[in-house]
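Just so we're aligned, residue 282 is where the sequence shown starts under our numbering, counting upward by one.
Even glycine gets a Cβ: it sits at the ideal position worked out from N, Cα and C.
First comes the structure, then the notes that go with it.
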Amino acid sequence: MRSAIVVGATGLVGSALIKLLCESEEYVSITAIARRKLDYEHPKLTVKIRSFDELGEQDIDYAQELYCCLGTTMKKAGSKSEFEKVDFEYPLHIASLAKKRGIMHLIVISAMSANDNSSIYYNRVKGKLEKELITLDLPQLSIVRPSLLVGDRSEFRLGEKMGELVLNVVNPLLIGPAKKLRSIEANQVALAMKVIALHGKKEPVSIYESQELAKMAMPQPEEEEEISREQLFNWSKLEQEQLPPLDDEVMFDHAKLREKEVKRNNRNIED
Numbered sequence: 282m283r284s285a286i287v288v289g290a291t292g293l294v295g296s297a298l299i300k301l302l303c304e305s306e307e308y309v310s311i312t313a314i315a316r317r318k319l320d321y322e323h324p325k326l327t328v329k330i331r332s333f334d335e336l337g338e339q340d341i342d343y344a345q346e347l348y349c350c351l352g353t354t355m356k357k358a359g360s361k362s363e364f365e366k367v368d369f370e371y372p373l374h375i376a377s378l379a380k381k382r383g384i385m386h387l388i389v390i391s392a393m394s395a396n397d398n399s400s401i402y403y404n405r406v407k408g409k410l411e412k413e414l415i416t417l418d419l420p421q422l423s424i425v426r427p428s429l430l431v432g433d434r435s436e437f438r439l440g441e442k443m444g445e446l447v448l449n450v451v452n453p454l455l456i457g458p459a460k461k462l463r464s465i466e467a468n469q470v471a472l473a474m475k476v477i478a479l480h481g482k483k484e485p486v487s488i489y490e491s492q493e494l495a496k497m498a499m500p501q502p503e504e505e506e507e508i509s510r511e512q513l514f515n516w517s518k519l520e521q522e523q524l525p526p527l528d529d530e531v532m533f534d535h536a537k538l539r540e541k542e543v544k545r546n547n548r549n550i551e552d
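This is the structure in structure tokens:
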């Protein structure tokens, strides 16, 4: 059975992932590291409320996987420096702590167009994060690159809401290479991250694009073929085989039987 750590558990994907893992048979323990209390409770769930500026090695327990779902917007962050704190510095610091604690697999959310040479600031920061994470030489790193995330947010984001409405109309028209531009449900990204943890590639570094995430599902267990009584016991073969005759001398030791009979008769005489 497995344990997991989720950082960024109050966000759109993180909150969906927490519920998914808690309700999963594969996991017995989930630790959420967040800056505020979660709205969700579960017997498997432990919540550590921490400031990411002060997060240390003692705050990271051992687990099979650490899921990093941290992310913000420029508007919410208020400045480039604060944005980079959440989307670059914190994930990188958490990854280094995970490596020190012996966590074998880091699964981190990046962005569809992450590129450290991009002219778009957001994509450039995400690309820089990916590059630095790969440099860390973690035991296993899985980078998840979703397109525009859709779902029920606790906060209203006008730009993303407008993009979501537009893509709801445009999504069916995006085919071929343009498929990767389709919006994706946060619940599906959470499910894909779990599939990656349990059944994903075993390479040191793997990158999963949005169209790949959209198709992921937990494999269905194979149904065991019922074995009939006739298959279990080959009656026709038994009927055809000639069993050797039983040897009475093999089945019964007549000498011992006669010896016991004599002793019994002698006791009767003495009485």
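Backbone secondary structure at residue i - three-state DSSP
i             : result
glutamate 322 : coil
arginine 405  : helix
lysine 483    : coil
leucine 455   : The predicted model places leucine 455 with a pLDDT of 47, which falls under 50 and marks its position as unreliable, so this point remains unresolved.
cysteine 350  : coil
leucine 336   : coil
leucine 429   : coil
Residue i and residue j closer than 8 Å at C-beta
i             : j              : result
glutamine 421 : methionine 385 : yes
valine 470    : leucine 430    : yes
leucine 373   : isoleucine 286 : no
alanine 376   : leucine 419    : yes
Exposure of residue i, with buried meaning 16 or more beta-carbon neighbours within 10 Å
i              : result
leucine 417    : exposed
valine 328     : buried
tyrosine 402   : exposed
lysine 407     : buried
asparagine 468 : buried
Of the listed residues the options, nearest to residue i (C-alpha basis)
i              : options                           : result
isoleucine 341 : Ile477, Met497, Glu365 and Val288 : Val288
arginine 316   : Leu336, Glu306, Asp397 and Lys412 : Leu336
lysine 496     : Val486, Glu306, Asn546 and Glu466 : Glu466
valine 476     : Ser491, Glu490 and Ala498         : Ala498
methionine 474 : Ile424, Tyr371, Gln492 and Asp433 : Ile424
lysine 380     : Ala297, Ala344, Val309 and Ala392 : Ala344
isoleucine 415 : Ile311, Lys544, Val486 and Thr291 : Val486
Separation of residue j from residue i, as counted between CA atoms
i             : j              : result
glutamate 484 : isoleucine 388 : 13 Å
arginine 353  : aspartate 368  : Per the sequence presented here, residue 353 reads as threonine, with arginine not at that position. When rounded, the distance between both Cα atoms is 7 Å.
aspartate 334 : alanine 358    : 15 Å
lysine 325    : cysteine 350   : 19 Å
leucine 302   : lysine 361     : 33 Å
serine 491    : arginine 426   : 6 Å
glutamate 370 : leucine 378    : 12 Å
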